[in-house]
Amino acid sequence: MSPQPTGNKPWSGRFRESTDPAVERFTASIDFDRALAQYDLRGSRAHVRMLQSVGLVSADECNEMLRGLDAIETEIQTAKFVYDPALEDIHMAIESRLGALVGPVAGKLHTGRSRNDQVATDFALYLRDVESAAQRALLELCAVLIERGTEHLDTVLPGYTHLQRAQPVRLAHHWLAFVGMFQRDVGRLCDARARLDRAPLGAGALAGSTLPLDREHTARELGFAAPNPNSMDAVASRDGALEFLSAAAIAMVHLSRLAEELVLWSSSEFGFVELADAYSTGSSLMPNKKNPDVPELVRGKSGRVIGDLVALLTVLKGLPLTYNRDLQEDKEPVFDAARTLCDCLEVMTGAIATLRVNTARMGEAASDPMLLATDLAEALVREGVPFREAHEAVGRAVGHCVEKEVDLRSLSREDLHGFHPAFPASAGELLSLESALESRKLIGGTARENVEQNLNQARSAVAAALANFDADRGNA
Ligand code: ARG
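Residues 116 to 591, numbered by my numbering, are exactly what the sequence shown covers, in order.
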């Protein structure tokens, strides 16, 4: 059988048969890596200008190629660009289109470059952008939690451990706990982004180039602090993507916990909140239903982002240096996690902003006198009783109230003396919701002043971070 024609692939020179169509489909990534198009164009422009600056292409050739790259950008923006799977990936599709637009000079675009350093560069640029977008969306959620918390500084509900009513807290305090988590998520994304500051471009396939490329030039133009000084690390590593995925997975776990509370709290059993109609859905069968599908989906989607992280960790763990085609599997998990995280942040921000809070139901649940039992034990501690002994005595008093179905606060001083002689007053005098909240004045406690101060600090920190963002479009 005579050799088949070799097709139009840039690497087809040493091949005598054309690619099997199933292999073409199997190896193609253009269906998803088209998301990198704008970063690929940015990288190519920087590369072409660098080639001109070192004399590898003339000024005219450089301008021709830049003109062609601009035309491709317009085609992409106006949905006229053809994503041909035969061209494998977005990088080859753009290069091939450049050839069609500007002729043989396009053959100089890939001078000194490999798709290995090209794709690593594009991916780093993409990651930096989504890390910024996710930070901003997290800060916006924080701003809404702080605003709603401020509105509910005096709304009291039970704080829970083991999902059992434990001690009274302010709703602002409860939501500030999430603000703390989301602020650390912002910090993680910010750190990850700051570490993506070494440009892979110029690393070639793995060992650099014999040509006099100026790696500082492309690094600078693309906003990196410097070129990656090790060409093998530059093409083989994906820990920048792993850091994004781990920060995204952690943020999704935080969102999922907040979502779980909205699901619980909006049930008739709790009745603490009601989701706005705009953030709820109905049942196709039961006309009475108003379902918390939005928080449920957020909770469900945290699973896929955790999966995205595990997928890429698993792709990387057995790979010998340097580039292996397995690395093409880095993209879909990252694209999926980025889209999922940003979508979830958007809907959760809206759900919290429009949430109706049933302060009466929360207050009713918080007025359970058993929530004050710890304070009764601490009243004994103030009389010099060892805490363990006080705990035991109050435990017996609580047991008595449960058995007799009486309110803990109804115990007189004499009743209390039956459990411990050191009780200084009646339970009614020793216990109140107000003093339970207000006497916890130490850092992190429930006193109004503390929580208000925390709200103020968080509000200025978030506003400053958002303003900083607007100023440099970079890190918070
Ligand atoms: N589409 C490939 C990827 O995303 C580009 C790199 C191909 N390099 C190669 N040596 N085959 O990883």
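Beta carbons: idealized from backbone N, C-alpha and C, even for Gly.
Not one heavy atom of the ligand ARG lies closer than 7 Å to the C-beta of Asn345. Between the ligand ARG and the CB of His369, the shortest heavy atom gap is not smaller than 7 Å. With a cut-off of 7 Å, the C-beta of Leu442 is classified as near the ligand ARG, since at least one heavy atom of the ligand falls inside that distance.
With a beta-carbon spacing of about 4 Å, Gly183 and Leu216 fall inside the 8 Å limit used to define contacts. Distance from the CA atom of Val234 to the CA atom of Leu156, rounded to whole angstroms, is 12 Å. Between Thr469 and Ala573, the alpha-carbon positions lie close to 21 Å from each other.
Taking the Cα positions, Gly295 is about 40 Å away from Ala161. If you look at Leu166, you'll find it in the alpha helix (DSSP H) that goes 152-168.
Sequence-distant partners of Pro407 (beyond 5 residues in either direction) whose C-beta falls short of 7 Å from its own C-beta, in its chain, are Leu377, Val378, Ser381, Leu390, Ser395. Spatial neighbours of Cys177 in its own chain (CB-CB distance under 8 Å, excluding positions within 5 residues in sequence) are listed in chain order as Val163, Arg164, Leu166, Gln167. Comparing alpha carbon positions, the residue from Leu427, Asp148, Asn569, Ala582 closest to Ile558 is Asn569. Taken in chain order, the unbroken stretches of alpha helix (DSSP H) that lie wholly in the segment 409-496 and span 4 residues or more are 446-468, 474-481.
When the Cα atoms are used, Val284 and Ala318 turn out to be separated by approximately 56 Å.
The bridge partners DSSP lists for Lys405 are Gly397. The segment 505-519 makes no contact with the segment 467-483: fewer than 3 CB pairs, one atom from each, lie closer than 8 Å. Under the three-state reduction of DSSP output, Thr276 falls in the strand class.
Going by DSSP, His535 is part of no alpha helix (DSSP H) at all; its letter is neither H nor E. In this chain, Leu337 is not harboured by any alpha helix (DSSP H), its DSSP state being neither H nor E. At least one heavy atom of the ligand ARG falls within 7 Å of the beta-carbon of Tyr438. If you look at Ala235, you'll find it in the alpha helix (DSSP H) that goes 230-266.
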